[in-house]
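Trainee:
Number of protein chains: 2
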Amino acid sequence: MNPFDAAQLAPETRVTICDRCGSRIAGLCQPLDAAALDEISAESQQVVLPAHSTIFREGDPAGKVFTLIEGFAKLSRLLPDGKQQVVGFRFAGDVIGYTTLGSYPFDAELLTEARICRLERRQLDALLQRYPKLERRLLDLCVQELTATQEQLVTVGRRSAEARVAAFLLSLVAAERRRGTERQVLEMPMTRADIADFLGLTLETVSRSLTAFRKRGWIREPLHHRVELLDVAAISDLAEGLASER
Amino acid sequence: MNPFDAAQLAPETRVTICDRCGSRIAGLCQPLDAAALDEISAESQQVVLPAHSTIFREGDPAGKVFTLIEGFAKLSRLLPDGKQQVVGFRFAGDVIGYTTLGSYPFDAELLTEARICRLERRQLDALLQRYPKLERRLLDLCVQELTATQEQLVTVGRRSAEARVAAFLLSLVAAERRRGTERQVLEMPMTRADIADFLGLTLETVSRSLTAFRKRGWIREPLHHRVELLDVAAISDLAEGLASER
DNA sequence: GGGCGGCGTCGAACGGATTCAAGGCGGTCT
DNA sequence: AGACCGCCTTGAATCCGTTCGACGCCGCCC
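Residue numbers (full-length UniProt numbering), protein chains in the order written: chain C, 1 to 246; chain W, 1 to 246.
1) I'd like the list of long-range same chain contacts for Ala175/C, defined as Cβ closer than 7 angstroms, with 5 residues on each side in sequence excluded.
2) Asp5/C CB to nearest chain W CB: under 9 angstroms?
3) Would you mind stating whether Val143/W and Thr100/C have Cβ atoms separated by less than 9 angstroms?
4) Looking at Thr155/W: is its Cβ nearer than 9 angstroms to the Cβ of Leu146/C?
5) May I ask you to verify whether the region 46–58 of chain W touches the region 123–131 of chain W, counting CB pairs closer than 8 angstroms and requiring at least 3?
6) DSSP three-state label for Thr191/C, please.
7) Does any C-beta atom of chain W lie closer than 9 angstroms to the C-beta of Pro132/C?
8) Given that Asp19/C touches chain W, what residues does it touch there, using C-beta distances under 9 angstroms?
9) Residues bridged to Thr67/C by DSSP?
10) Between Ala73/W and Arg179/W, how many whole angstroms is the CB-CB distance? I'm expecting something under 8 angstroms.
11) Please name the residue, chosen from Ser103/W, Gly93/W, Asp107/W, Gly102/W, that lies closest to Ala114/W on a Cα-to-Cα basis.
12) For Ala108/C and Leu141/C, I'd like the C-alpha separation in whole angstroms.
13) Taking C-beta pairs closer than 8 angstroms, name the residues in chain W that Lys83/C reaches, listed in chain order.
14) Between Pro105/W and Glu240/C, how many whole angstroms is the CB-CB distance? I'm expecting something under 8 angstroms.
15) Looking only at its chain, what residues have a beta carbon closer than 7 angstroms to the beta carbon of Ile235/W, apart from the 5 residues adjacent to it on each side?
16) Can a CB atom of chain W be found closer than 9 angstroms to the CB of Cys142/C?
17) Measure the C-alpha to C-alpha separation of Ser44/C and Asp33/C and round it to an integer number of angstroms.
18) Return the chain-ordered list of same chain residues with a C-beta closer than 7 angstroms to the C-beta of Arg137/C, the five sequence neighbours on each side being excluded.
19) For a test of the three-state rule: what should DSSP assign to Phe106/W, helix, strand or coil?
20) Measuring alpha carbon to alpha carbon, tell me which of Val173/W, Ala161/W, Gly102/W, Tyr98/W ends up nearest Leu119/W.
21) Mark Thr211/C as exposed unless 16 or more other C-beta atoms lie within 10 angstroms of its C-beta, in which case mark it buried.
22) Identify each residue in the region 94–105 of chain W for which the Cβ-Cβ distance to at least one residue of chain C is less than 9 angstroms, and report them in chain order.
23) At the 9 angstroms Cβ level, is Leu79/W part of the contact set with chain C, yes or no?
24) Within 10 angstroms of the Cβ of Val65/W, are there 16 or more other Cβ atoms? Answer buried if so, exposed if not.
25) Using a 10 Å radius around the Cβ and a threshold of 16 neighbouring Cβ atoms, would you call Ser160/C buried or exposed?
26) Once DSSP output is grouped into helix, strand and coil, what is the label at Lys74/W?
27) Could you compute how far the alpha carbon of Ala163/C sits from the alpha carbon of Leu172/C?
28) From the DSSP secondary-structure annotation, give me the bridge partner or partners of Leu186/C.
29) Can you tell me whether Arg122/C is helix, strand or coil according to DSSP?
30) Just tell me which of Arg24/W, Leu68/W, Thr191/W, Leu127/W has its CA closest to the CA of Ala42/W.
31) Looking at the structure shown, is Gly157/C part of a helix, part of a strand, or coil, going by DSSP?
32) Per DSSP, what are the beta-bridge partners of Val86/C in this structure?
33) Does the distance from the CB of Arg220/C to the CB of Val227/C come in under 9 angstroms?
34) Measuring only between beta-carbons, confirm whether Thr147/C sits less than 9 angstroms from chain W.
35) Does any C-beta atom of chain C lie closer than 9 angstroms to the C-beta of Glu135/W?
36) Any beta carbon of chain W sitting closer than 9 angstroms to that of Glu245/C?
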C-alpha cells in the first residue's frame, strides 16, 4: 500500500485514514493492531499545513509529537552567529519531535505542503503505558535515527565536497526505498541552500557539484525539485571516496 | 558517591559493586531498585581490559551490551579509503553497544585501561520485560545521545577549526560534570589524531589550535593527557563563533 | 508591462586548513 | 648507551572550498 494513497481518500473516517497512513509502513504505529489504531486515531488530529510553515522551534516545550503522513520537512539548529546546520530531512511516514527532554532540540519546518498527524505528548505517554510495543518501536526509531546521524557525521567530517553531494543523493534514494516506493525520478524539494546547510558546504559549491554531475551524465533534473540518478554506480564510488576509478 | 570509588573496593560482592558502580549515576541501572540490581549483577560480568583493546568492531553481531564503569573509550567508523571518523567518546557510567539493529554500527576501542560491565543482549531483553523502567531509561539515553550527535554535527559542519577544538574542550567539561565529579584538571586520554578524527580536522590543525590556546593563556597541560581550562569564558565565546570580542 | 525578489549558475580572487617535510621529546627495547 | 618508535610540534607550500561579484531565469505583485 502506497503511503501517499491516504491523501486521495478524502471522505473517509479517521480510522481508515490511520489504517492507510504512511506511519503504518515506516512510522510509529507500525506495530499496532486495529484496536490500538482505533484508539490512537481518536486521540490524534490530522492537519494539512502549507509549505514553509514551522512545526516547532528549538527550545519550545515538547508538548506534541508529529507524524509526517505526506510531504517533506527539514530539521535544523541555529548557531549564535546566524549560520544554520540542517540535522536531517524527514519524509512521509517519519516521526518528528519525539523527545524525552523537556523542549525540542531543533527547529522543524515544512519544505512542502504536508499532511501531519498530531498527538499530545501526555496522550502518547498514556498509550505507551497500554501498548509496550509502542515504546519498543520508539526505541527502534531512535536507534535508526542515531545511526543515520552518525553516518551523516562521517559525511560532513571526512568527505570532499562532491562526495558529500553524492552521499546526499544516495540518501534520497534510501529514503524513497524506506517509504516502499521506488520511482526513477525522485522528489528533492530542498533548495541548494538547504542541501548546503545539511552537508556543511555553501550553496555555490552544491550548485557546482550538481552541475558537474549533470555534465558527466550522472544525473538529470527533468523538473524543478526533481532528480533522476542515471549512474548510481559512479555516484556511489564518488561518495565512498574512490574518485572515478571506473 | 563518587563512581570511581568502586575501583578501590576490591574484596566485595558483586551486588555491592553494582550498587556503587558509575552506572548508578549516569547509566543504564540508574532507575533500578535493590532487588533488580541484585538480579542484573547476577547476570552481568565485570572485566578489566587493557588500554587499546577492542570491545567490538563495526559489523560484529550485536550480542552484548556494555557499561563503562571506569576508563575511557572511543567509538569510530571507518571509511572505505581508510580515514576514520570518531563518532563519540565514552566515559565512566556510559552505556556502549546497545542497538536494536543486528550488528554494531561502529567500532568501540578503549583509550585507557578500563573496567567494564558486560551483559548478554538476550539477558538484557529479559530484564526489559521484567522492568519496564529500564526500557524507558534506554530510550532516554538514546535521545540524549542523538541530541549530542546532532550537536556534534553542528560543530563539524559549521564551525572553524579553532571553534571546533574549543567546543571539544567544553564537551570534556560537560562529561566530567555528568559523572558528578568536578575537578580542575581534566583527563584527556585521546591523542591529537583521535581528536582530529572526531572534529573532522587533521592532527596538525588540532595541535596548532591547542598551542594557540596555550599561548593565549586559555589552557594549561600540566601532564601528558591532562588539561586545565583557565579561561572558560574565552573558550566558550570562541566555540560559539564570537571570535574574541572580549 | 515593468519591477522585484528568490533561486540557481558561473568566474575570479582569496584564504583557512591541509599536505608535506623536518625535528623534538619521552618512552621502551636491545 | 644508543636506536627506535609513537606522538607532538612547527614551518612552508599547496589546494579546495569559500567569498564576492555579476548575471539569467522565473513567478509574483504592483
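Don't be surprised by glycine CBs; every beta carbon is placed ideally from N, CA and C.
Mentor: A quick look at the data gives this:
1) To locate residue 175/C, count along the first sequence from 1; it is residue 175. Excluding residues within five positions, the ones whose Cβ falls inside 7 angstroms are Phe91.
2) Locating residue 5/C in the first sequence gives position 5, counting from the first residue. Only weak support exists for where Asp5/C lies, its pLDDT of 38 falling under 50; the value from the coordinates is given anyway. So no, Asp5/C is outside the interface.
3) In the second sequence, residue 143/W corresponds to position 143, counting from 1. In the first sequence, residue 100/C corresponds to position 100, counting from 1. Their beta carbons are under 9 angstroms apart, which means Val143/W touches Thr100/C by this criterion.
4) Translated into the one-based positions of the second sequence, residue 155/W becomes position 155. Translated into the one-based positions of the first sequence, residue 146/C becomes position 146. No.
5) no
6) In the first sequence, counting from the first residue as 1, residue 191/C sits at position 191. Thr191/C sits in coil when the DSSP states are folded into three classes, being neither helix nor strand.
7) The count along the first sequence starts at 1 and reaches residue 132/C at position 132. Cβ-Cβ to chain W under 9 angstroms: yes for Pro132/C.
8) Your numbering for residue 19/C matches position 19 in the first sequence. Those do not exist, as Asp19/C stays about 25 angstroms from chain W at its closest Cβ, beyond 9 angstroms.
9) Translated into the one-based positions of the first sequence, residue 67/C becomes position 67. Answer is Val95/C, Cys117/C, bridged to Thr67/C.
10) As a first step, residue 73/W is located in the second sequence; it is residue number 73 there, counting from the start. As a first step, residue 179/W is located in the second sequence; it is residue number 179 there, counting from the start. The pair is not a contact, with the Cβ atoms about 14 angstroms apart (cut-off 8 angstroms).
11) Taking the first residue of the second sequence as position 1, residue 114/W is located at position 114. Ranking the options by Cα distance to Ala114/W, first place goes to Gly93/W.
12) Against the first sequence, residue 108/C aligns to sequence position 108. Against the first sequence, residue 141/C aligns to sequence position 141. Rounded to whole angstroms, the gap between the alpha carbons of Ala108/C and Leu141/C is 18 angstroms.
13) Locating residue 83/C in the first sequence gives position 83, where the first residue counts as 1. Correct list: Arg158, Gly241.
14) Within the second sequence, residue 105/W is the residue found at index 105, counting from 1. Within the first sequence, residue 240/C is the residue found at index 240, counting from 1. Not a contact, Cβ separation roughly 17 angstroms.
15) By one-based count along the second sequence, residue 235/W stands at place 235. Closer than 7 angstroms at Cβ, skipping near neighbours: Ala166, Leu169, Leu170, Trp218, Leu229.
16) For the purposes of this step, residue 142/C is taken as residue 142 along the first sequence, with counting starting at 1. Cys142/C counts as touching chain W.
17) Counted from its first residue, the first sequence places residue 44/C at position 44. Counted from its first residue, the first sequence places residue 33/C at position 33. Near 16 angstroms, if we compare the C-alpha coordinates of Asp33/C and Ser44/C.
18) Counting from one through the first sequence, the residue named residue 137/C turns up at place 137. Taken in chain order, the residues that qualify are Leu28, Gln30, Pro31.
19) In the second sequence, the residue the question calls residue 106/W occupies position 106. For Phe106/W, the secondary structure class from DSSP, reduced to helix, strand or coil, is coil.
20) Residue numbering aside, residue 119/W sits at position 119 when the second sequence is read from its first letter. Minimum Cα distance to Leu119/W is reached at Tyr98/W.
21) Within the first sequence, numbered from 1, the residue matching residue 211/C stands at position 211. Exposed, since its Cβ has fewer than 16 Cβ neighbours within 10 Å.
22) Those residues of the region 94–105 of chain W placed with their C-beta closer than 9 angstroms to a C-beta in chain C are Tyr98, Thr99, Thr100, Leu101, Pro105, ordered along the chain.
23) Taking the first residue of the second sequence as position 1, residue 79/W is located at position 79. Chain C, which has a Cβ nearer than 9 angstroms to the Cβ of Leu79/W, makes this yes.
24) In the second sequence, the residue the question calls residue 65/W occupies position 65. Buried.
25) Here residue 160/C refers to the residue found at position 160 when the first sequence is read from its first residue. Around the C-beta of Ser160/C, fewer than 16 other C-beta atoms lie within 10 Å, and the residue is accordingly described as exposed.
26) Walking along the second sequence from the start, residue 74/W turns up at place 74. Residue state, collapsed to three classes: strand.
27) As a working mapping, residue 163/C is identified with position 163 in the first sequence. As a working mapping, residue 172/C is identified with position 172 in the first sequence. Taking the straight line from one Cα to the other gives about 14 angstroms.
28) Sequence index remark: in the first sequence, residue 186/C carries index 186 (1-based). Answer is Val227/C, bridged to Leu186/C.
29) Counted from its first residue, the first sequence places residue 122/C at position 122. Residue state for Arg122/C is assigned as helix, using DSSP reduced to three classes.
30) Locating residue 42/W in the second sequence gives position 42, counting from the first residue. Of Arg24/W, Leu68/W, Thr191/W, Leu127/W, the residue nearest in Cα terms is Leu127/W.
31) Here residue 157/C is taken as the residue at index 157 of the first sequence, counted from 1. DSSP places Gly157/C in helix when its eight states are reduced to three.
32) Taking the first sequence and counting its residues from 1, the one referred to as residue 86/C is at position 86. Looking at the DSSP assignment, Val86/C forms a beta bridge with Ser76/C.
33) Position 220 of the first sequence holds residue 220/C. Position 227 of the first sequence holds residue 227/C. Result yes, Cβ atoms of Arg220/C and Val227/C sit closer than 9 angstroms.
34) Start at 1 with the first residue of the first sequence, and residue 147/C comes out as number 147. Answer yes: the Cβ-Cβ gap between Thr147/C and chain W drops below 9 angstroms somewhere.
35) Counting from one through the second sequence, the residue named residue 135/W turns up at place 135. Yes, its Cβ sits closer than 9 angstroms to a Cβ of chain C.
36) Residue 245/C sits at position 245 when you count from the first residue of the first sequence. The predicted model places Glu245/C with a pLDDT of 42, which falls under 50 and marks its position as unreliable, so this point remains unresolved.
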